[in-house]
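In the UniProt record's numbering, the protein residues as written are 1 to 1157. Positions of the beta carbon are idealized from the N, C-alpha and C atoms, including for glycine.
What follows is the structure in structure tokens.
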């Protein structure tokens, strides 16, 4: 069959007979300087339907159906990893697709606009200033001249002529727009006749001046129809190229497209042949300045953008016609770009589509043809992401088309732009406005997206559903820089090329930091909020850049960020040395290194994790001040603000707790642990059985205590005030070899273990002169449960040693499983086994896992410590175990989606707050793959157990928070009883409030102290504690220094006590006695208040019984203590309610002097 002619075949420059049926677009900001999604009129490209003959069809056989299903399954496995992900993609495309059949009013409006433009009469020639004055006087329309504005004595004039053509361009023309929460855009390119321009109008803003004159005439014509509301705006804030926004007036006429929820944009365009195109090459200067050698590549690209609408649309249209999945691929890209915020750095769906189409055809040599028109939308999308993420655009720019002229050679584009994607004409760089940082962000997000798509776990939600632009979550370090008032760096040449100071300054920051930070960071993101000017046609634009803020986001490289030295060139290379010294200023110095090399170097002499983690901050602040003349107060850097809450307050005496702990960290306690471990192994020759191994089982040796464990001089304890006398007992597990001689009786077994403790203590004293005390927990009444330990005083730390025997666990399980065991004994055995497993098994394995996390992620330890501090200051110390908090934080590092893994305490902690604020604990378990070995089958089992738990306990009275691991599929090992549903709700509210405070602090450069200060108005009772008796008061974030004054003696004498914490003991006693009636809140890290909340679940009156379980009072009792019979009743009721007043008095009596009287 012969090829048919195209309908209405004609040149693209001719006006179409009618406006094509078009579709809405996703978002205004998706349109970049090339028209973003600017595509040509669909009707001009529409092909006639080919004549066809009827094809005989036969019903598919069973084999055909099976073969099709197998092929579909194979594609699902190979491409989508899971069938669920494929279904989610299909559902997404269904949801975001627009119904273009409902746009009748919009089509009518487009017809009306085209007719209006075609009927504008020709204007008389007038000088530009005179034209503007007349337009304002007669029509009250301001001509939006860009700066520099035309001079009154300028000789060139403007005379309006009707448009050569009117095209619908943008995503609407190709039907690649989608549903959005904001109005989509419909772009109309109005082609200005070449006859209104002169050959040299490309120079010195003359084109832009005439362009706005033409635009004002279009505005006048639309305004006279009285059918639309019009405003001026810009594309990408470029005031050189204003556009018109056309909106409905809501009069319910046939052109009222209010229901379509879109905005029509009028974009003036011009034929490329109107000017000598070689004059607009990247290396050419189009603006006269004192520096005749300077080029104006961005000015030239801005002009060329207006010539590219139809040619780019033609290119895309050809590919959309031969590829059935083209539209769907663009819709996926549009969603991804919007959610990742890439449109704000200039990478729009249009640019993505141009790259995708390029990969479908390749360059002129056929290279880079990586996609096929037969690919699915998913393959097209993923293939384009892969190309973007791996391409070295600095060495291999993308040339969709190439010009034969030398002015448009590859070297010319690379010399003047940071990112090069040349359009089909070979003259325009579509990525001209994307600087180095923008390209880095695009490639970073593309790499991240590929990791999501290649993950065996479903990552659909972080890939397409989560908007992830919030800088406090996204980056490890954040700096905010106000645009300086002085513009000394914005030279005459720069002013000629850039439309304003803001993009120039941002690009300069990007260049300086990229060179200075080198491999210390994986990403430098320099962004600023779009000014998005929209103004009335009867007024001038007012943009005040002095309030503009540039945000710098940094993703640190965990290996290189804390590096102390940056080495430069060899000393004999004078030219490079001079350049190095110029860049680094007085920071550069000549140094000789151990390998004998003598080089220029920059040294950052700091010590300790916290200080080294902030070396990047020191570099950024220095470079901004040195190269951009910024003052220190103009740079607001957010990275180390949380560290103050991990260190002892400045009020704590330095002679008691050395500031050196900030530098040495956990080194002291770990050295002591290795010492005691070695010594314990050395003494096993004096024991009946050998010590198999020594394991850590405490937050102190897994690097997760809020304050770094501090060594204490045991011989001078009497000089320490009571407020500083808390000493942590660091749990360690001693594993002893098996023996058949251990007794079967569990009570006797505890006595045997006690004898081991005595032997160990004696040997440590004899051999190493080390103090060791055997402990017997007399509060433990269960004869089967573990109860003994030995406290060893080693190098200023106290280690509490527990012996673990495999026989003990086996005997307890045997008792529980035996049918002959009495119910009472079986209950004791269960309790004893639970204590054994938690103290000697779970703690040990958990400690190993957390130690591995700390070794793997440098910021994990400090993030956990900060999170524990946050829980505590909000009085939630008793409501979440250390282990549960450590797993919560681990999830943030192991499952960082939709972001990257945190490398700083800043990003780690903010994401923990985000998790607490938004995770749905009621309907989902939090799966923490801390061992890295969770299988898909185990994940399914976790979900099944969670569902079963919610079914069997619909009131969620236990196990509300589920933290599942490969060793705890139920997820309730550490959260069985706490936190309760009410506490989790409070956690959510507090996390949201903290994030709001942080937002305000970053916006206004304020303190973040309110994040670590809890409101006290929500509690039923607040009891002030006697600070003088609080042994952990020194751990308070803002202690009163008067309580640290040494009196030469202490209430505790010269004896050192392990875990002496009277307040925690009081809280445990209150919970034990009144747990049903009251919830207790306090800060175990030096808190000075005890808060109570009466349990609302028991506040309601209940029937009296002897075993009510709480202090009660009859509901009919009057204030004088007598019972009152209510009207209509013959006797007093037998209902009771908690006697909260009496309970409070009992609590005060128990507390005694611990409560401030």
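- DSSP assignment within the UniProt domain "Nrap protein" (473-629) yields the following whole alpha helix (DSSP H) runs of 4 residues or more, N-terminal first: 492-497, 501-517, 574-584, 609-613, 615-628.
- Counting every other CB atom within 10 Å of its CB across the protein chains shown gives residue 307 a total of 16 or more, marking it as buried.
- Assignment of beta strand (DSSP E) within the stretch 686-751, counting only whole runs of 3 or more residues, yields 691-696, 729-736 in chain order.
- Apart from sequence neighbours up to five positions away, the residues of its chain that approach residue 763 with a beta-carbon distance below 8 Å are 683, 686, 687, ordered along the chain.
- Residue 212 sits in a helix when the DSSP states are folded into three classes.
- By the Cβ neighbour-count rule, residue 310 is buried, with 16 or more other Cβ atoms within 10 Å of its own.
- For residue 794, same chain residues with a beta-carbon under 7 Å away, outside a window of 5 residues either side, are 672, 675, 676, 770 in chain order.
- DSSP, read as helix, strand or coil, puts residue 670 in helix.
- The C-beta distance from residue 634 to residue 482 rounds to 6 Å, short enough to meet the 8 Å contact threshold.
- For residue 906, there is no enclosing beta strand (DSSP E); the residue is found in the alpha helix (DSSP H) stretching over 905-918.
- With a 10 Å radius around the Cβ and a threshold of 16 neighbouring Cβ atoms, residue 738 comes out exposed.
- The DSSP assignment places complete beta strand (DSSP E) segments of no fewer than 3 residues inside the stretch 1014-1064 at 1021-1024, in order along the chain.
- Counting only runs of 4+ residues, the alpha helix (DSSP H) found wholly inside the stretch 135-188 occupies 171-174, in chain order.
- Taking C-alpha positions only, residue 897 is separated from residue 459 by approximately 8 Å.
- With fewer than 16 neighbouring CB atoms inside 10 Å of its own CB, residue 224 falls in the exposed class.
- Around the beta-carbon of residue 303, 16 or more other beta-carbon atoms lie within 10 Å, marking it buried.
- Looking from the CA of residue 534, the closest CA among 244, 1096, 860 belongs to 244.
- The beta carbon of residue 889 is closer than 8 Å to those of 860, 863, 864, 867, 908, 912 in its chain, skipping five residues each way along the sequence.
- A straight-line Cα-Cα distance of about 8 Å links residue 295 and residue 497.
- Residue 249 counts as exposed, since fewer than 16 other C-beta atoms from the protein chains shown sit within 10 angstroms of its C-beta.
- 625 is the residue among 573, 110, 625 whose C-alpha sits nearest the C-alpha of residue 585.
- Only residues of its own chain outside the window of five on either side were considered, and among them 1111 have a CB closer than 7 Å to the CB of residue 1142, listed in chain order.
- About 6 Å separates the Cβ atoms of residue 727 and residue 798, confirming a contact at the 8 Å cut-off.
- The DSSP-derived three-state label of residue 231 is strand.
- Scanning 536, 681, 562, 881 for the CA closest to the CA of residue 140 turns up 536.
- Cβ contact annotation for residue 749 (same chain, cutoff 8 Å, sequence separation greater than five): 742, 743, 805, 807, 808, 811, in chain order.
- For residue 385, the closest alpha carbon among the candidates 370, 399, 291 is that of 370.
- Taking C-beta atoms under 8 Å as the contact rule, residue 429 and residue 346 fail to qualify, at a distance of about 11 Å.
- The beta carbons of residue 326 and residue 363 sit no closer together than 9 Å.
- Short of 6 Å from the beta carbon of residue 543, and not among the five residues preceding or following it, lie these beta carbons of its own chain, in chain order: 531, 533.
- Within 10 angstroms of the beta-carbon of residue 592 lie fewer than 16 other beta-carbons, which makes it exposed.
- Pairwise C-beta distances place the stretch 399-408 in contact with the stretch 273-292, as three or more of them are shorter than 8 Å.
- Residue 312 is not a Cβ neighbour of residue 437, given a cutoff of 9 Å.
- Our two residues, residue 119 and residue 190, have alpha carbons roughly 13 Å apart in a direct line.
- Taking C-beta separations shorter than 7 Å and ignoring five residues to either side along the sequence, the partners of residue 213 in its chain run 128, 131, 143, 158, following chain order.
- Short of 6 Å from the beta carbon of residue 652, and not among the five residues preceding or following it, lie these beta carbons of its own chain, in chain order: 1034.
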